[in-house]
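Numbering (this note's numbering), first residue to last: 320 to 659.
Worksheet: the structure to be examined is printed underneath.
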Amino acid sequence: MTFTDVAVALPSSRFVSLKEADAEKSRDSTLGVVRYTTECVAPHLSEGSVESSLHMADSAEREFAEVWSSGAVAERGERDGIVWAHDGEYLFCAGLIPSGPRYAEGTRSAYFNALDLMETLGFTKCLRMWNFVSRINEDNADGLEVYRDFCRGRAEAFERFRFREAELPAATGIGALGGGIAFYFLASRSAVLTAVENSKQIPPYHYPVRYGPRPPKFSRATCLSRPGAASTAEQIYVSGTASIRGHETLFAGDIERQCRLALENIAHVIGAENLSAYGVREGRALTDLRNIKVYVRNSGDIPAVQQMCARAFSREADVAFLHVDICRSDLLVEIEGIVD
320 MTFTDVAVAL
330 PSSRFVSLKE
340 ADAEKSRDST
350 LGVVRYTTEC
360 VAPHLSEGSV
370 ESSLHMADSA
380 EREFAEVWSS
390 GAVAERGERD
400 GIVWAHDGEY
410 LFCAGLIPSG
420 PRYAEGTRSA
430 YFNALDLMET
440 LGFTKCLRMW
450 NFVSRINEDN
460 ADGLEVYRDF
470 CRGRAEAFER
480 FRFREAELPA
490 ATGIGALGGG
500 IAFYFLASRS
510 AVLTAVENSK
520 QIPPYHYPVR
530 YGPRPPKFSR
540 ATCLSRPGAA
550 STAEQIYVSG
560 TASIRGHETL
570 FAGDIERQCR
580 LALENIAHVI
590 GAENLSAYGV
600 REGRALTDLR
610 NIKVYVRNSG
620 DIPAVQQMCA
630 RAFSREADVA
640 FLHVDICRSD
650 LLVEIEGIVD
């Protein structure tokens, strides 16, 4: 089944309570359920859906679930530690890299298994990746920051599958409160994907070596379009976005200015001027963003960030705030979302 065969439902997500998520698992349209909880549980099949629990909540009051849906799910399975489901056009898969003294080799292996699965099943167009990295700013056994260790393994896996820069998906690499490195991906069989950068930032894959032996491999956003309509973005998946201009962190120690610049960066990435450089006709605004996750390093900063986000985003948008570390030790907040 492809876009050209029938009208295929686009992938979508929504935030619900853990109890509501349990009721969603058995629905034919549910691809996967990601639980943001106080513990990490490896991905598995539960009542016919992919389920993964991430240690991303610092208390039961902050727990929630993200339910991913599309058309009627056609097939589900597990292979080499990767749990997956697809509807014929979209694939959802999840995995876990166990805690260890080093992560490059484990990341390379797990990513290889996930990318090999995508290729084998025919979902070769990866549009979005999420990575939740425990101890993200701490050093590994060799004195290399864990995030940089992860980036090395990810880059090696992408190179093995010959990912070109124009094919790198949108991504988030964020701290987790425990559980090694959990991840989940979305891929498509036939959608047209456009990797988008921010003209005010250096692409992450061109960062200088000061940020690690291998640069982060992702795009600032991915536009998803139907075949034959590449100039019209049906969805825009916005990567985790922070207070960075060029390649440098700005406003160290100032949560309000960092949050403001993160919002400005997202607004620019999805705006008409930036998208027109990629042949996408219509620009979008912050009020078009949905399914928003806001990662905040210091819990005391959450109220201020909530106020700024309330002014920037639509009242109809789902917004989740998570108290976790960010990929750079001088970053205080990171924001991601989806434009439908």
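Using N, Cα and C, we set each Cβ at its ideal position, and we do this for glycine too.
Predicted, not measured: the structure shown is a model, and the values here were computed from it.
- When the beta-carbon positions are compared, glycine 390 and aspartate 406 come within less than 7 angstroms of each other.
- Residue pairing by DSSP puts isoleucine 563 in a beta bridge opposite Thr568.
- For the pair isoleucine 493 and tyrosine 355, the CB atoms are not nearer than the 7 angstroms cut-off.
- A buried status is given to threonine 513, since no fewer than 16 other beta-carbon atoms sit within 10 Å of its beta-carbon.
- Serine 518 is positioned such that its CB atom lies no closer than 7 angstroms to that of arginine 600.
- Scanning the stretch 477-563 for uninterrupted beta strand (DSSP E) segments of 3 residues or longer gives 489-495, 500-507, 511-515, 540-544 and 554-560, listed from N- to C-terminal end.
- A distance below 8 angstroms between beta-carbons, with the five flanking residues on each side excluded, links arginine 447 to the following residues of its chain, in chain order: Pro488, Ala489, Ala490, Phe504, Leu505, Thr541 and Tyr556.
- Under the three-state reduction of DSSP output, aspartate 341 falls in the helix class.
- In the displayed model, glutamate 635 falls within coil according to three-state DSSP, outside both helix and strand.
- Beta-bridge annotation (DSSP): valine 335 is paired with Ala384.
- A residue is called buried once 16 or more other Cβ atoms fall within 10 Å of its Cβ, and glutamate 484, having fewer, is exposed.
- In the DSSP assignment, the residues bridged to aspartate 458 are Glu464.
- Counting along the chain, the unbroken beta strand (DSSP E) around phenylalanine 411 starts and ends at 409-416.
- Threonine 349 and cysteine 359 have their C-alpha atoms spaced approximately 21 angstroms apart.
- Around the C-beta of asparagine 584, 16 or more other C-beta atoms lie within 10 Å, and the residue is accordingly described as buried.
- When C-alpha distances from cysteine 578 are compared across Leu543, Glu424, Ala404 and Ile645, the shortest belongs to Ile645.
- Taken in chain order, the whole alpha helix (DSSP H) runs of length 4 or more contained in the stretch 417-446 are 423-440.
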